[in-house]
Structure formats: C-alpha cells, structure tokens
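**Student:**
Residue numbers (the numbering used here): 77 to 139.
Below is the structure:
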C-alpha cells in the first residue's frame, strides 16, 4: 500500500487507473477491473466518466 494515489502505467491496460487503485488499496488488480466493469454496466456508464476524469487528473508513476 502506497502513501498517495498514482496511475500505474506499467500494469495499465487503458490509462492505469485500475492498476493505480490496486497499488493504493492493496486489493488484487483483477478484482478492481471486474468491479469497474460491473459498476459500468450497472451504473449506466457513469463509471466511465469518473474513470476518464481520474485518468486525466491523477499523477502517474515514472517507470
């Protein structure tokens, strides 16, 4: 678990938001991705907007 949230470009599939959240929270990356997909389906796409905002605003790790 890290001190601050940062995008993880190394393990990223799209923008690194899920990988960064997994690093920050200590939860398995695959569980985060599954939850994101389920929330997108059940939330009528509102998760996509939040994902894009976080992906554009959050700082990224330099690898």
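Glycine residues also receive a C-beta, built at the ideal position from the N, C-alpha and C atoms.
Computed from a prediction, not measured in an experiment: that's the story for all the values here.
#1: What is the DSSP secondary structure of residue 78, reduced to helix, strand or coil?
#2: State the Cα-Cα distance for the pair residue 89 and residue 79, rounded to the nearest angstrom.
#3: Roughly how many whole angstroms lie between the Cα atoms of residue 94 and residue 115?
#4: Assign residue 83 to buried or exposed, taking buried as 16 or more other Cβ atoms, counted over all protein chains shown, within 10 Å of its Cβ.
#5: Go through its chain and collect everything with a Cβ distance to residue 109's Cβ below 7 Å, but skip five positions before and after it.
**Tutor:** Result, derived from the coordinates:
#1: Unreliable placement is indicated for residue 78, whose pLDDT of 49 sits below 50; the coordinate value is still reported in the next sentence. In this structure, residue 78 counts as coil in the three-state DSSP scheme.
#2: 23 Å
#3: 13 Å
#4: buried
#5: 94
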